[in-house]
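In our numbering, the protein residues as written are 11 to 227. Here the structure comes first, spelled out in structure tokens, and everything after it is commentary.
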Amino acid sequence: MDNCITRWKHGQLHHQAGAWTTAPPGIRAAIPKTTLLQGVASSAAACLDSNIPPRKPIPGRPGKTTKATDKLLKSEVLKNPQISETELKKAHPIVLGNISEQTIQNHLQKELCFPSWSPAKNPLLMKQRLEFAKKYQKWTAEDWSKVMWSDESTFRCVTVHQGRVRRPVSASCYDSMFAKKIVKHPEFVTLWGCFSGECSHGGLYFLPKNVTMNGER
Numbered sequence: 011m012d013n014c015i016t017r018w019k020h021g022q023l024h025h026q027a028g029a030w031t032t033a034p035p036g037i038r039a040a041i042p043k044t045t046l047l048q049g050v051a052s053s054a055a056a057c058l059d060s061n062i063p064p065r066k067p068i069p070g071r072p073g074k075t076t077k078a079t080d081k082l083l084k085s086e087v088l089k090n091p092q093i094s095e096t097e098l099k100k101a102h103p104i105v106l107g108n109i110s111e112q113t114i115q116n117h118l119q120k121e122l123c124f125p126s127w128s129p130a131k132n133p134l135l136m137k138q139r140l141e142f143a144k145k146y147q148k149w150t151a152e153d154w155s156k157v158m159w160s161d162e163s164t165f166r167c168v169t170v171h172q173g174r175v176r177r178p179v180s181a182s183c184y185d186s187m188f189a190k191k192i193v194k195h196p197e198f199v200t201l202w203g204c205f206s207g208e209c210s211h212g213g214l215y216f217l218p219k220n221v222t223m224n225g226e227r
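Rendered as structure tokens:
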């Protein structure tokens, strides 16, 4: 464009009928600068549009999941975190019928950020606990101070390191190279202790080997 402006100043260009030609010196002053710039810009745009190659197609097959699929999967997992890939396919055969379970699993984990975890174990509020709480709900602090509380802990006399191994698909998981030897019923020692509100703590006691406090009940 700078070259065109320079040539226009010296009377070498003339815009006529949508094209630029060599202008005679006599009409140099009749060409406005804005006309020159507009003509050069339109010519450059036409040149670029005709010479830009088309975009190269993305290699590989197109993905089977869409935004609608992502929205459906996210909604179902938020409603029921324990739902499986098989249950998702059965519940929505039209949308997820042509998508494999592995693809659904990978998409939930990597794209939607819903990794699979083992659920945390919370104790259930059992019927016996409710009955116990209702039975003693009117007790005072003095009544509870007369109760002796006890607990025990069991310590296994063996060290277990689970670890992980890389095993070929064709190999057996029970092959000695990929298996870990453990003691099925290792010996253990039980430690028992008690305390109360009146007598404070009652000490710690080691029970005989392989014996628990309530083992004979």
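From the three backbone atoms N, C-alpha and C, an ideal C-beta is built for every residue, glycine too.
When beta bridges are read from the DSSP output, Thr-200 appears opposite Thr-164. Straight through space, the alpha carbons of Met-136 and Cys-167 are spaced by roughly 33 Å. Restricting attention to Ser-180, Ala-189 and Ala-181, the CA atom closest to the CA of Arg-174 is found in Ala-189. When secondary structure is reduced to three states using DSSP, His-117 falls in the helix class. For Thr-200, the number of other beta carbons within 10 angstroms of its own is at least 16, and it is reported as buried. Distance from the CA of Glu-141 to the CA of Lys-156, rounded to the nearest whole angstrom, comes to 21 Å.
Less than 8 Å separates the beta-carbon of Leu-82 from that of Val-105. Under the DSSP definition of a beta bridge, Leu-134 lacks any partner.
Between His-117 and Thr-75, the CB-CB gap stays under 8 Å.
Going by C-alpha positions, Glu-197 is about 20 Å away from Asp-161.
The Cβ atoms of Glu-111 and Glu-95 lie closer than 8 Å to each other. DSSP, reduced to helix, strand and coil, places Trp-154 within a helical segment of the structure shown.
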